[in-house]
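Engineer: Here the protein sequences line up with chains U and A, keeping their order.
Per this note's numbering, residue 1087 is the first one in the first sequence, and the count goes up by one each step.
Per this note's numbering, residue 1087 is the first one in the second sequence, and the count goes up by one each step.
Number of protein chains: 2
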Amino acid sequence: MNTSTQACARALLEVAPAIVQAMRVQMRAQRLHELSVPQFRTLAFIGRHPGCSLSDAAEFIGMTLPSMSILINGLVEEGFVLRQTSLLDRRRVTLNLTEAGAGVYAHALEGTLAWLSRQLEPLAEADKQIVLRAMEILRPYFVTNVDAAAVAEVSHA
Amino acid sequence: MNTSTQACARALLEVAPAIVQAMRVQMRAQRLHELSVPQFRTLAFIGRHPGCSLSDAAEFIGMTLPSMSILINGLVEEGFVLRQTSLLDRRRVTLNLTEAGAGVYAHALEGTLAWLSRQLEPLAEADKQIVLRAMEILRPYFVTNVDAAAVAEVSHA
DNA sequence: TTACAATAGTTAAAATTTCTAATGATTAGA
DNA sequence: TCTAATCATTAGAAATTTTAACTATTGTAA
């Protein structure tokens, strides 16, 4: 393990969680939504993985299947998520956001984006470019891809 | 709001949570500690803010005071945290890590650091430098400072 | 100085969340 | 076809978190 890798990892380990923590505080303060944190995270996951299964969501969020089933109940009742049985495999459930769910998610993102922009405004132009570039470098290693194919899957209630 | 600020904020909003999420998954997989997520976050907060009060921790984690009081009970019973009455204001409680608590925290960090280093290893040297530089740019805006003065405060059980 | 209000934390009971265990339904494989 | 594996739900128990009420201490102003 070379030194620059370690230094890079160490810095990331310190700063990334701090940024996310600040985002969380901001979201709480703004009362952007009447959702619990796990519910919001699940909404975000479904938004990025339309047509995903209950298991997918449970594994990503780090919850058991029964817990996720109950959490999804809540989101369905509130009209934010569509739970449908897959036609390809009738054991499976496919999850998608409703228009309302997508709206809530987009609105929350927007608020946080505006806040974050205010935070970054004082940065020098060159520094912003470095940060942007760094995010582009890291993205492929950490951001899971949207599975667009799943969206198209035919399913019914 | 200029464009580069927004682009920077947007990238950060996408990538930072993804990195932290990956860290979380890794920590769960490694079973680094027999602590719940809020307990671990609290441990980390106390580590960075020695001598902080219960309210400080509660506000940062986003919990009510009674919940934090109970959570701290657990950490004290497990021997990870020292809860002492402040001599300066006897209503207040000062929180500090025990040696064991600091050890658990350091060990968890170490494991995650090793994992993160493996993730970053394939990056080109120049890219690592950019990421490192970006973190240094962002640090002062998001990483809360350790309040070293609080450590020195005289207190008793 | 005394009285009143505000602050910090704890306790108790209720509500919520999450987990484990058991079950049903569907699909895959021998 | 029969058996095993997969995906999800239900039921009941355990853990976590919250609200409400209370204690102790400090600050403030008559």
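Positions of the beta carbon are idealized from the N, C-alpha and C atoms, including for glycine.
This one's a predicted model, so the numbers in the text were calculated from it and none came from an experiment.
Under 8 Å Cβ-Cβ, which residues of chain A neighbour Q1092 of chain U?
Structural biologist: For the purposes of this step, residue 1092 of chain U is identified with residue 6 of the first sequence, where counting begins at 1. Within 8 Å Cβ-Cβ: L1199, S1203.
Engineer: F1228 of chain A versus chain U: which residues are under 7 Å apart at the beta carbon?
Structural biologist: As a position in the second sequence, residue 1228 of chain A is number 142, starting the count at 1. V1101, A1104, I1105, A1108, listed in chain order.
Engineer: Note the first and the last residue of the continuous alpha helix (DSSP H) segment covering N1159 of chain A.
Structural biologist: Counted from its first residue, the second sequence places residue 1159 of chain A at position 73. Unbroken alpha helix (DSSP H) run through N1159 of chain A: 1151–1163.
Engineer: Does DSSP put V1229 of chain A in a helix, in a strand, or in coil?
Structural biologist: If you number the second sequence from 1, residue 1229 of chain A lands on position 143. In the structure shown, V1229 of chain A sits in coil (DSSP, three-state: anything other than H, G, I, E or B).
Engineer: Note down, in chain order, each residue of its chain lying with its Cβ closer than 8 Å to the Cβ of G1160 of chain A, except the 5 sequence neighbours on either side.
Structural biologist: In the second sequence, the residue the question calls residue 1160 of chain A occupies position 74. Once the five neighbours on either side are set aside, the close Cβ partners of G1160 of chain A are Q1125.
Engineer: Which residues in chain A sit within 7 Å of R1114 of chain U, going by Cβ to Cβ distance?
Structural biologist: Residue mapping note: residue 1114 of chain U aligns to position 28 of the first sequence, counting from 1. Those within 7 Å of R1114 of chain U in chain A are G1148.
Engineer: Could you tell me whether the Cβ atoms of G1183 of chain U and I1132 of chain U are closer together than 8 Å?
Structural biologist: For this step, residue 1183 of chain U is matched to residue 97 along the first sequence. For this step, residue 1132 of chain U is matched to residue 46 along the first sequence. It should be noted that the sequence gives Leu, not Gly, for residue 1183 of chain U. In this structure, I1132 of chain U lies closer than 8 Å to L1183 of chain U by Cβ.
Engineer: With distances taken Cα to Cα, identify the nearest neighbour of E1100 of chain A among U:T1089, U:L1202, U:V1111.
Structural biologist: To locate residue 1100 of chain A, count along the second sequence from 1; it is residue 14. Closest option to E1100 of chain A, Cα to Cα, is U:L1202.
Engineer: Would you mind sorting P1208 of chain U into buried or exposed? The rule is 16 or more other CB atoms within 10 Å of its CB.
Structural biologist: Counting from one through the first sequence, the residue named residue 1208 of chain U turns up at place 122. By the neighbour-count rule (16 or more Cβ atoms within 10 Å), P1208 of chain U is not buried but exposed.
Engineer: Report back the beta-carbon spacing between T1171 of chain A and V1162 of chain A to the nearest angstrom; my notes put them in contact at under 8 Å.
Structural biologist: In the second sequence, counting from the first residue as 1, residue 1171 of chain A sits at position 85. In the second sequence, counting from the first residue as 1, residue 1162 of chain A sits at position 76. Between V1162 of chain A and T1171 of chain A the Cβ distance is about 13 Å, and since that is not below 8 Å, they are no contact.
Engineer: Helix or strand or just coil, what does DSSP make of R1096 of chain U?
Structural biologist: Taking the first residue of the first sequence as position 1, residue 1096 of chain U is located at position 10. Helix at R1096 of chain U.
Engineer: For P1226 of chain U and L1140 of chain A, I'd like the C-alpha separation in whole angstroms.
Structural biologist: As a working note, residue 1226 of chain U is residue 140 in the first sequence. As a working note, residue 1140 of chain A is residue 54 in the second sequence. Taking the straight line joining both Cα atoms gives about 40 Å.
Engineer: Between the alpha carbons of A1238 of chain A and D1175 of chain A, how many angstroms are there, rounded?
Structural biologist: Start at 1 with the first residue of the second sequence, and residue 1238 of chain A comes out as number 152. Start at 1 with the first residue of the second sequence, and residue 1175 of chain A comes out as number 89. With a pLDDT of 41 at A1238 of chain A, under the threshold of 50, the modelled position of this residue cannot be trusted, and the question is left open.
Engineer: Beta-carbon separation of I1223 of chain U and I1216 of chain A under 8 Å?
Structural biologist: Numbered from its first residue, the first sequence carries residue 1223 of chain U at position 137. Numbered from its first residue, the second sequence carries residue 1216 of chain A at position 130. Yes.
Engineer: Strictly below 7 Å CB to CB, what residues from chain U border D1175 of chain A?
Structural biologist: Translated into positions along the second sequence, residue 1175 of chain A becomes position 89. Within 7 Å Cβ-Cβ: nothing; D1175 of chain A doesn't reach chain U, min ~25 Å.
Engineer: Going along chain U in order, which residues have a C-beta closer than 8 Å to the C-beta of L1224 of chain A?
Structural biologist: Along the second sequence, read from residue 1 onward, the residue named residue 1224 of chain A stands at position 138. Neighbours of L1224 of chain A on chain U, chain order: V1101, I1105, V1217.
Engineer: Between L1168 of chain U and the rest of its own chain, which residues show a CB-CB distance below 6 Å, the 5 nearest in sequence each way excluded?
Structural biologist: Here the question's residue 1168 of chain U lines up with position 82 in the first sequence. If we look at L1168 of chain U and ignore the five residues flanking it on each side, its Cβ neighbours are N1182, T1184.
Engineer: At a CB distance below 8 Å, what residues from the stretch 1157–1175 of chain U approach chain A? Give them in sequence order.
Structural biologist: From the stretch 1157–1175 of chain U, no residue has a Cβ closer than 8 Å to chain A.
Engineer: Verify the CB distance criterion: does L1195 of chain U have a CB-CB separation below 8 Å to chain A?
Structural biologist: Looking up residue 1195 of chain U in the first sequence gives position 109. So yes, L1195 of chain U belongs to the interface.
Engineer: Hey, could you find the ends of the alpha helix (DSSP H) R1178 of chain A is sitting in?
Structural biologist: Position 92 of the second sequence holds residue 1178 of chain A. First-last for R1178 of chain A: undefined, no H or E at that position.
Engineer: For E1211 of chain U, which residues in chain A fall below 8 Å Cβ to Cβ?
Structural biologist: The residue you call residue 1211 of chain U lines up with position 125 of the first sequence. By Cβ distance, chain A contributes S1090.
Engineer: If you measure from the beta carbon of V1190 of chain A to each beta carbon in chain U, is any gap under 8 Å?
Structural biologist: Within the second sequence, the letter at position 104 stands for residue 1190 of chain A. By this cut-off, V1190 of chain A is not an interface position.
Engineer: Tell me, please, which residues DSSP counts as bridged to R1169 of chain U.
Structural biologist: The sequence position of residue 1169 of chain U within the first sequence is 83, counting from 1. Paired residues: U:L1181.
Engineer: Relative to the alpha-carbon of R1204 of chain U, which residue among U:P1103, U:R1096, U:Q1107, U:Q1112 has its alpha-carbon at the smallest distance?
Structural biologist: Sequence index remark: in the first sequence, residue 1204 of chain U carries index 118 (1-based). Ranking the options by Cα distance to R1204 of chain U, first place goes to U:Q1112.
Engineer: Rounded C-beta distance between A1192 of chain U and A1102 of chain A? I'm assuming under 8 Å.
Structural biologist: Residue mapping note: residue 1192 of chain U aligns to position 106 of the first sequence, counting from 1. Residue mapping note: residue 1102 of chain A aligns to position 16 of the second sequence, counting from 1. A1192 of chain U to A1102 of chain A, Cβ: 19 Å. No contact.
Engineer: With a Cβ-Cβ cutoff of 8 Å, do L1129 of chain A and V1190 of chain A count as a contact?
Structural biologist: Numbered from 1 along the second sequence, position 43 holds the residue referred to as residue 1129 of chain A. Numbered from 1 along the second sequence, position 104 holds the residue referred to as residue 1190 of chain A. Result yes, Cβ atoms of L1129 of chain A and V1190 of chain A sit closer than 8 Å.
Engineer: Name the chain A residues that come within less than 7 Å of A1220 of chain U, Cβ to Cβ?
Structural biologist: To locate residue 1220 of chain U, count along the first sequence from 1; it is residue 134. Ordered by position in chain A, the residues that pass the 7 Å Cβ test against A1220 of chain U are I1216, V1217, A1220.
Engineer: Taking the beta carbon of G1187 of chain U as the centre, do at least 16 other beta carbons fall within 10 Å, making it buried, or is it exposed?
Structural biologist: On the first sequence, residue 1187 of chain U is found 101 positions in, with the first residue counted as 1. Its Cβ being crowded by 16 or more others within 10 Å, G1187 of chain U is buried.
Engineer: Give the straight-line distance between the Cα atoms of A1097 of chain U and L1218 of chain A, rounded to the nearest whole angstrom.
Structural biologist: Here residue 1097 of chain U is taken as the residue at index 11 of the first sequence, counted from 1. Here residue 1218 of chain A is taken as the residue at index 132 of the second sequence, counted from 1. The alpha-carbon atoms of A1097 of chain U and L1218 of chain A are separated by roughly 6 Å.
Engineer: Following the continuous alpha helix (DSSP H) through G1133 of chain A, name the residue where it begins and the one where it ends.
Structural biologist: Counted from its first residue, the second sequence places residue 1133 of chain A at position 47. Where G1133 of chain A is concerned, the enclosing alpha helix (DSSP H) stretches over 1123–1134.
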